[in-house]
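*Asks:* I am attaching a structure below and will ask some questions about it afterwards.
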Ligand SMILES: *Cc1c(COP(=O)(O)O)cnc(C)c1O
């Protein structure tokens, strides 16, 4: 395929995408396939000779859509939202066409500077203090890893990168038992070790028990460990648990620890001032991550990390071999080289989709969607609570709640299987306080109140 053919086939792809989105409601939300079925339809080996675009496209249409779970389906209420607003998809096409590496200012000046401006726009839109700067990662997992590596380097006096961890005191980091598995992964990759990620118990409101945090840090100090940092949650994935940010930061700061707030899902809602009490005190954090690729309309991948002071993270992740020096552009310190803020060297031009999305919908359009999602989720929770044989197990946090059958886990699990075989809506499960519960999160960009209420209709039909 050459660029002339690409022009024609891009138009075909755009037409296909339009029809796909227009007919999504008619498709089952979850893939109706079995493990191995797709692989079995592909040849054993890569083709020796070029194949014509017609055949490639025909196979795509034949094999792929039916074997996909449709994350953009308006009745996708599983896991978390992963929106791709039309304006974001449009920007991604252009970023794809330019296909730049946004690792240094010099390799992508517009990408670097638009990224800086988008981080500022979002900081202000979320109501964060003006001292925050930031960068865009692929995922919250990577942003959290960057924060944990920074905790490690500060706590080892910058010896982890240089000398390795052998011979260092054993580091400890702290998070609530409700936090996301990306924190476990970060602790493992950073060489801190799963055993040294202390899961602090939560209280009745599912927030980290700050007295227990303080006691854990003191006990670790007495035992010769070296505490390195605390990770706080605003909107945990399982049930939307929120730590009391101000109170928890105060404990961390009293021990001089670096702090990171994981608001990957809930952070987008903070464009609405009325939800900001959920993370009151967040301006005191060292690092904050949220995913515009979840609830703000930006297509995956787009995780924004705000940093009160970028210097420790850049000192942790930045490397400047001779071939990455950017002398000649006002000196290396006057420009931002974002690869020094992130784990990978190569970086996509992710800021473009934020620029397009924020402009195409405006903050008011994005706020309206989030407010609708929250209101509809709360309405649905009320309806489910009144259905015979159902109970709402955890009340809505923003647009996320859980429910179960009153008969117990087996009945709830069987119902979930029936719901997802039915295909009209897609829900997933979690375990809360030992119980198997069904999660509902409302956040798809194009969903309507009727789409949300369809959950209650499906529950009535299937019980
Ligand atoms: C989704 C989520 C993550 C992981 O996000 P990725 O961008 O997929 O790495 C981490 N924490 C919370 C609270 C989340 O909701």
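In our numbering, the protein residues as written are 15 to 477.
C-beta: ideal position from N, C-alpha, C; glycine also.
Just so you know, these numbers come straight off a predicted model, no measurement behind them.
1) Measure the alpha-carbon distance for residue 475 versus residue 418 and round it to whole angstroms.
2) Which stretch, first to last residue, makes up the alpha helix (DSSP H) that contains residue 407?
3) Would residue 256 pass as a contact of residue 388 if the rule is Cβ separation under 8 Å?
4) Should residue 305 be counted as a contact of ligand 1 given a C-beta to heavy atom distance under 7 Å?
5) Let me know the secondary structure DSSP gives residue 241 once reduced to three states.
6) What's the C-alpha gap between residue 211 and residue 275?
7) State yes or no: is the C-beta of residue 190 within less than 8 Å of the C-beta of residue 213?
8) Determine the direct distance from the alpha carbon of residue 285 to that of residue 377, and round the result to whole angstroms.
9) Taking contact to mean at least 3 C-beta pairs separated by less than 8 Å, is the segment 98-117 in contact with the segment 348-359?
10) Across which residues does DSSP place residue 414 in a beta bridge pair?
11) Cβ-heavy atom distance between residue 249 and ligand 1 below 7 Å?
12) Assuming residue 226 and residue 215 are in contact, meaning their beta carbons sit under 8 Å apart, how far apart are those beta carbons, in whole angstroms?
13) List the whole-angstrom C-beta distance separating residue 77 from residue 55, where the pair is believed to meet the contact cut-off of C-beta under 8 Å.
14) Please give me, in chain order, every unbroken run of the alpha helix (DSSP H) with length at least 4 that falls completely inside the segment 56-143.
15) With the cut-off set at 8 Å, would you say residue 122 and residue 317 are in Cβ contact?
16) Can the beta-carbon of residue 187 be found closer than 8 Å to that of residue 165?
17) Quick one: what does DSSP say residue 370 is sitting in, helix, strand or coil?
18) Cβ atoms of residue 469 and residue 454: under 8 Å apart, would you say?
19) Just checking, does the segment 290-303 make contact with the segment 267-281 on the three C-beta pairs under 8 Å criterion?
20) When we look at the beta-carbon of residue 219 and count the other beta-carbons within 10 Å, is it buried (16 or more) or exposed?
21) When you compare only the Cα positions, how much space is there between residue 449 and residue 131?
22) Determine the extent of the alpha helix (DSSP H) in which residue 177 is found, giving its start and end residues.
23) Report yes if the C-beta of residue 279 is less than 7 Å from at least one heavy atom of ligand 1; otherwise report no.
24) Determine the contact status of residue 305 and residue 278, defining contact as a CB-CB distance below 8 Å.
25) Would residue 290 and residue 141 qualify as a contact pair, given that the criterion is a beta-carbon distance under 8 Å?
26) How big is the Cα-Cα spacing for residue 93 and residue 477?
27) By alpha-carbon positions, which one of 83, 460 and 205 ends up nearest to residue 379?
28) Does at least one heavy atom of ligand 1 sit under 7 Å from the Cβ of residue 194?
29) Consult DSSP for residue 148 and reduce its assignment to one of helix, strand or coil.
30) At 4 residues or longer, what runs of the alpha helix (DSSP H) sit wholly inside the segment 196-266?
31) Please tell me whether residue 224 and residue 244 are closer than 8 Å, where the distance is taken between their beta carbons.
32) Under 8 Å: do the segment 18-30 and the segment 67-85 share three or more Cβ pairs, one atom per stretch?
33) To which residues does DSSP link residue 302 through a beta bridge?
34) Quick check on this structure: which residue in 204, 230, 320 and 185 has the alpha carbon closest to the alpha carbon of residue 241?
35) Out of 39, 26 and 182, point me to the one whose CA is closest to residue 438's CA.
36) In its own chain, which residues sit with a C-beta less than 8 Å from the C-beta of residue 308, not counting the 5 before and 5 after it?
*Replies:* Inspection of the coordinates gives the following:
1) The straight-line gap from Cα to Cα measures roughly 16 Å.
2) Element bounds for residue 407: not the alpha helix (DSSP H) but the beta strand (DSSP E), 404-411.
3) For the 8 Å CB-CB criterion, residue 256 and residue 388 do not form a contact.
4) Residue 305: yes, Cβ under 7 Å from ligand 1.
5) In the displayed model, residue 241 falls within a strand according to three-state DSSP.
6) Each residue's alpha carbon lies about 15 Å from the other.
7) Going by C-beta atoms, residue 190 is nearer than 8 Å to residue 213.
8) Rounded to the nearest angstrom, the two C-alpha atoms are 7 Å apart.
9) Touching, yes.
10) Beta-bridge annotation (DSSP): residue 414 is paired with 411 and 455.
11) Because some heavy atom of ligand 1 lies under 7 Å away, the Cβ of residue 249 counts as near it: yes.
12) Yes, residue 226 and residue 215 are in contact; Cβ-Cβ is about 5 Å, under 8 Å.
13) Residue 55 and residue 77 do touch by the CB rule: their CB atoms are close to 5 Å apart, below 8 Å.
14) You should have 67-77, 100-112 and 123-139.
15) With contacts defined as CB atoms closer than 8 Å, residue 122 and residue 317 fail to qualify as a contacting pair.
16) Result yes, Cβ atoms of residue 187 and residue 165 sit closer than 8 Å.
17) Of the three classes helix, strand and coil, the one that applies to residue 370 here is helix, per DSSP.
18) Yes. Within cutoff.
19) Between the segment 290-303 and the segment 267-281, the count of Cβ pairs shorter than 8 Å is three or higher; the stretches touch.
20) With fewer than 16 other Cβ atoms within 10 Å, it is exposed.
21) Those two C-alpha atoms are separated by around 45 Å.
22) Bounds of the alpha helix (DSSP H) holding residue 177 are 174-177.
23) Under cutoff, so the answer is yes.
24) Yes. Within cutoff.
25) For residue 290 and residue 141, yes; Cβs fall inside 8 Å.
26) Whole-angstrom Cα-Cα distance: 23 Å.
27) Out of 83, 460 and 205, 460 has the C-alpha closest to the C-alpha of residue 379.
28) At least one heavy atom of ligand 1 is nearer than 7 Å to the Cβ of residue 194, so yes.
29) Residue 148 sits in a strand when the DSSP states are folded into three classes.
30) Note on the segment 196-266: whole alpha helix (DSSP H) runs with a minimum of 4 residues are 224-236, in chain order.
31) Taking 8 Å as the Cβ cut-off, residue 224 and residue 244 do not qualify as a contacting pair.
32) Contact holds: three or more Cβ-Cβ distances are below 8 Å.
33) Paired residues: 275 and 320.
34) Considering only alpha carbons, the answer is 185.
35) Comparing Cα-Cα distances from residue 438 to each of 39, 26 and 182, the minimum goes to 39.
36) If we look at residue 308 and ignore the five residues flanking it on each side, its Cβ neighbours are 94, 95, 96, 97, 278, 279, 282 and 457.
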